[in-house]
Amino acid sequence: MKRKITGTHSDELQPVAGNGLLDRRLFLKSGLTFSAVSIAAAALPQVFAAENRAEEKINLARPPWMLKPGESFSTYGVPSKFESDVVRFPSPNRAVAGNGVSWTPLHRLEGIITPNGLHFERHHNGVPQIDPEHHRLLIHGLVKNPSFFTIDNLLRYPMHSCICFVECGGNSNSGWNKSPSRAEAGYFHGLVSCSEWTGVPLSTVLDEAGMNKKAKWLIAEGADAFAMNVSIPVAEARKEGLLALYQNGERIRPENGYPLRLILPGLEGVLNVKWLRRLKATDKPIMARNETSKYTELLPSGKARMFTFVIEAKSLITSPSANMILKKPGLYQISGLAWSGRGRIRKVEVSADGGKTWAEAQLQEPVLSQAFTRFRIPWRWDGSPAVLKSRATDETGYVQPERNTLIAERGHHGFFHYNAIVTWQVDEDGVVTHSYDKEKSDSNGDISIDSGWE
Ligand SMILES: Nc1nc2c(c(=O)[nH]1)N[C@H]1C(S)=C(S)[C@@H](COP(=O)(O)O)O[C@H]1N2
Ligand SMILES: [Mo]
Numbered sequence: 018m019k020r021k022i023t024g025t026h027s028d029e030l031q032p033v034a035g036n037g038l039l040d041r042r043l044f045l046k047s048g049l050t051f052s053a054v055s056i057a058a059a060a061l062p063q064v065f066a067a068e069n070r071a072e073e074k075i076n077l078a079r080p081p082w083m084l085k086p087g088e089s090f091s092t093y094g095v096p097s098k099f100e101s102d103v104v105r106f107p108s109p110n111r112a113v114a115g116n117g118v119s120w121t122p123l124h125r126l127e128g129i130i131t132p133n134g135l136h137f138e139r140h141h142n143g144v145p146q147i148d149p150e151h152h153r154l155l156i157h158g159l160v161k162n163p164s165f166f167t168i169d170n171l172l173r174y175p176m177h178s179c180i181c182f183v184e185c186g187g188n189s190n191s192g193w194n195k196s197p198s199r200a201e202a203g204y205f206h207g208l209v210s211c212s213e214w215t216g217v218p219l220s221t222v223l224d225e226a227g228m229n230k231k232a233k234w235l236i237a238e239g240a241d242a243f244a245m246n247v248s249i250p251v252a253e254a255r256k257e258g259l260l261a262l263y264q265n266g267e268r269i270r271p272e273n274g275y276p277l278r279l280i281l282p283g284l285e286g287v288l289n290v291k292w293l294r295r296l297k298a299t300d301k302p303i304m305a306r307n308e309t310s311k312y313t314e315l316l317p318s319g320k321a322r323m324f325t326f327v328i329e330a331k332s333l334i335t336s337p338s339a340n341m342i343l344k345k346p347g348l349y350q351i352s353g354l355a356w357s358g359r360g361r362i363r364k365v366e367v368s369a370d371g372g373k374t375w376a377e378a379q380l381q382e383p384v385l386s387q388a389f390t391r392f393r394i395p396w397r398w399d400g401s402p403a404v405l406k407s408r409a410t411d412e413t414g415y416v417q418p419e420r421n422t423l424i425a426e427r428g429h430h431g432f433f434h435y436n437a438i439v440t441w442q443v444d445e446d447g448v449v450t451h452s453y454d455k456e457k458s459d460s461n462g463d464i465s466i467d468s469g470w471e
């Protein structure tokens, strides 16, 4: 990548890639080696401040909320009333109440942690209201010591925490549609959230149960009215599997699996069984509904993709993103999220010219394995149409594919596992919409955003 920053004034900042992408190091305050860049770095916040000065006169009069005492204390805090529109998007027109999804408004959030009240939801038959006193986890099948655990038992074990994402294998599935989704970024890609999950390592209780040599799979079952079950390879479950009891420091929310759920970092959402009541060790998978009639996809080769398990690298720009408006030309901070089920994100590149040229974004610490990674890059929008993209590479070297490449690979039978590069089009009025690159032979029909959640 060529660095052309040579000027000593902010208005002389040269882009590092087409259409106004600036050096990510302009966000850093120290540790710079290029003197020209450090001068420019100091100048960047001043440019933002100068824009504000032009707009509003400084006013020292006290605002109304300084003229009387504020509200008293509360037992459980809620967001400001001015943020009351930052909510999940529940799937519309459910035929069966409690079967469907609600999306996380990713484009309204920052950092890497999803607040508990905004974690996405996927239920097949509603949220059970489970009394933890009466909940049991049974471990049986091909084990030496079949046993059950109460929640109190589990709370006494040494715990472990993991900051990781949970993503539904069906996330972003409207990307398979013939025409680009018109929804906000979260309503399109928000079946993924990232939390700190705390609980008992699955390997601890599996060791206690004593796995029979023939035990290759675990059949996990939830205590919801759907009694959802899935098959998980024992080897995968043992790696980092967690019997999670806490979510971001508090007990798991009912909709996310209270009082106990499985967390399998990096593996698709459906395996992360909520309201976990049973783990049965077996020598083969159970071929449950969610691994046969769903989540199995016919490929152009005639083979079927099954037991996909791992979530592949993905990223999207959350700001600016669909349905936002850039009010005027000038400096902007592009901000987005990247994640991979295979490990850490190694780099995220951003393009402002539809993928002709790319610049590396700054990855915000911490960059954790199988967790959201926040990326940022400064951009000067000159007021003409621009096409924004982000492309993630993970530590295995896997590169997020363009949509055309993904469709060539997977064909037109896809409903799950869509991880293509997301393209936002900015028009000359600053209006941001979702768009597709010119397609070679994309003749698949539309999947209604809601139709597959059955
Ligand atoms: N018992 C049970 N576990 C379940 C489900 C369910 O309906 N019942 N849905 C699964 C699916 S498909 C996904 S994507 C994740 C969603 O987890 P969340 O609702 O906490 O986001 O839970 C999984 N675990
Ligand atoms: Mo899912």
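In this text, residue positions in the sequence shown follow the working numbering: the first is 18, and each later residue adds one.
Ideal placement from N, C-alpha and C gives every residue a C-beta, glycine not left out.
Whole-angstrom distance between residue 382 and residue 52, CA atom to CA atom
Locating residue 52 in the sequence shown gives position 35, counting from the first residue. Locating residue 382 in the sequence shown gives position 365, counting from the first residue. A caution first: residue 52 carries a pLDDT of 37, below 50, which makes its placement in the model unreliable, though a value can still be read off. Cα-Cα distance, rounded: 24 Å.
Residue 396: which of 390, 388 and 405 sits nearest, CA to CA?
In the sequence shown, the residue the question calls residue 396 occupies position 379. Looking at the Cα atoms, 405 is the closest of the given residues.
Strictly closer than 6 Å from CB to any heavy atom of ligand 2: give me those residues in the order they appear in the chain.
139, 185, 186, 187, 286 and 287
Run the proximity test for residue 203: is its beta-carbon closer than 8 Å to any non-hydrogen atom belonging to ligand 1?
Within the sequence shown, numbered from 1, the residue matching residue 203 stands at position 186. For ligand 1, not one heavy atom lies less than 8 Å from the Cβ of residue 203.
Answer with buried or exposed for residue 146, where buried requires no fewer than 16 other C-beta atoms within 10 angstroms of its C-beta.
Here residue 146 refers to the residue found at position 129 of the sequence shown. Burial call: exposed.
Residue range of the beta strand (DSSP E) that includes residue 216
In the sequence shown, counting from the first residue as 1, residue 216 sits at position 199. 209 to 218 is the extent of the beta strand (DSSP E) around residue 216.
Using DSSP with H/G/I as helix, E/B as strand and the rest coil, what is residue 323?
To locate residue 323, count along the sequence shown from 1; it is residue 306. Coil, per DSSP.
Let me confirm a value: residue 258 is counted as buried when at least 16 other C-beta atoms fall within 10 Å, else exposed. Which label applies?
For the purposes of this step, residue 258 is taken as residue 241 along the sequence shown, with counting starting at 1. Per the 10 Å Cβ criterion, buried.
In whole angstroms, what separates the C-alpha of residue 196 from that of residue 451?
Here residue 196 refers to the residue found at position 179 of the sequence shown. Here residue 451 refers to the residue found at position 434 of the sequence shown. Roughly 10 Å between the two C-alpha positions.
Would you please state the rounded distance, in angstroms, between the beta carbons of residue 411 and residue 362? I believe it to be under 8 Å.
The residue you call residue 411 lines up with position 394 of the sequence shown. The residue you call residue 362 lines up with position 345 of the sequence shown. Rounded, the Cβ-Cβ distance is 6 Å, consistent with contact.
Under the rule that 16 or more other beta-carbon atoms within 10 Å means buried, what is residue 297, buried or exposed?
Indexing the sequence shown from 1 puts residue 297 at position 280. Buried is the call here.
Min CB distance residue 359 to chain C below 9 Å
Of the protein chains in this structure there is only one, and it is not chain C.
Can you check whether the CB of residue 389 is closer than 9 Å to the CB of residue 179?
Here residue 179 is taken as the residue at index 162 of the sequence shown, counted from 1. Here residue 389 is taken as the residue at index 372 of the sequence shown, counted from 1. No, these two residues do not count as a Cβ contact at 9 Å.
Under a three-way DSSP split, which group does residue 447 fall into?
Here residue 447 refers to the residue found at position 430 when the sequence shown is read from its first residue. Residue 447 falls in the coil class under three-state DSSP.
Taking residue 165 as part of the beta strand (DSSP E), name the residues at either end of that continuous run.
Counting from one through the sequence shown, the residue named residue 165 turns up at place 148. Segment 164 to 167, the beta strand (DSSP E) holding residue 165.
Near residue 413, what residues of its chain come up, given a Cβ to Cβ distance below 7 Å and the 5 sequence neighbours on each side ignored?
Here residue 413 refers to the residue found at position 396 of the sequence shown. Hits under 7 Å: 359 and 360.
Return the CA-CA distance between residue 281 and residue 191, expressed in angstroms with no decimal places.
Start at 1 with the first residue of the sequence shown, and residue 281 comes out as number 264. Start at 1 with the first residue of the sequence shown, and residue 191 comes out as number 174. Distance between the alpha carbons of residue 281 and residue 191: 25 Å.
Distance between residue 39 and residue 208 (C-alpha atoms, nearest Å):
What you label residue 208 is simply residue 191 of the sequence shown in a count that begins at 1. What you label residue 39 is simply residue 22 of the sequence shown in a count that begins at 1. Taking the straight line from one Cα to the other gives about 31 Å.
Whole-angstrom distance between residue 225 and residue 166, CA atom to CA atom:
As a first step, residue 166 must be located in the sequence shown, where it is residue number 149. As a first step, residue 225 must be located in the sequence shown, where it is residue number 208. Taking the straight line from one Cα to the other gives about 12 Å.
What are the partner residues of residue 473, as DSSP defines its beta bridges?
Only positions 18 to 471 of the chain appear in this structure, which leaves residue 473 out of reach.
Less than 8 Å between C-beta atoms, sequence neighbours within five positions excluded: which residues of the same chain meet that for residue 153?
Residue numbering aside, residue 153 sits at position 136 when the sequence shown is read from its first letter. Closer than 8 Å at the Cβ level, and outside the excluded window around residue 153, lie 165, 166, 167 and 294.
Measuring only from the beta carbon, is residue 137 closer than 8 Å to any heavy atom that is part of ligand 1?
Position 120 of the sequence shown holds residue 137. Because some heavy atom of ligand 1 lies under 8 Å away, the Cβ of residue 137 counts as near it: yes.
How about residue 222 and residue 234: do their beta carbons lie closer than 9 Å?
Numbered from 1 along the sequence shown, position 205 holds the residue referred to as residue 222. Numbered from 1 along the sequence shown, position 217 holds the residue referred to as residue 234. Not in contact: residue 222 and residue 234 (Cβ atoms no closer than 9 Å).
If I'm right that residue 284 touches residue 327 with Cβ under 8 Å, what's the distance once you round it to whole angstroms?
The count along the sequence shown starts at 1 and reaches residue 284 at position 267. The count along the sequence shown starts at 1 and reaches residue 327 at position 310. Confirmed, Cβ separation roughly 6 Å.
Own chain partners of residue 245 with C-beta closer than 6 Å, once the 5 adjacent residues on each side are dropped
Sequence index remark: in the sequence shown, residue 245 carries index 228 (1-based). Counting only Cβ-Cβ distances below 6 Å, and skipping sequence neighbours, we find 141 and 239.
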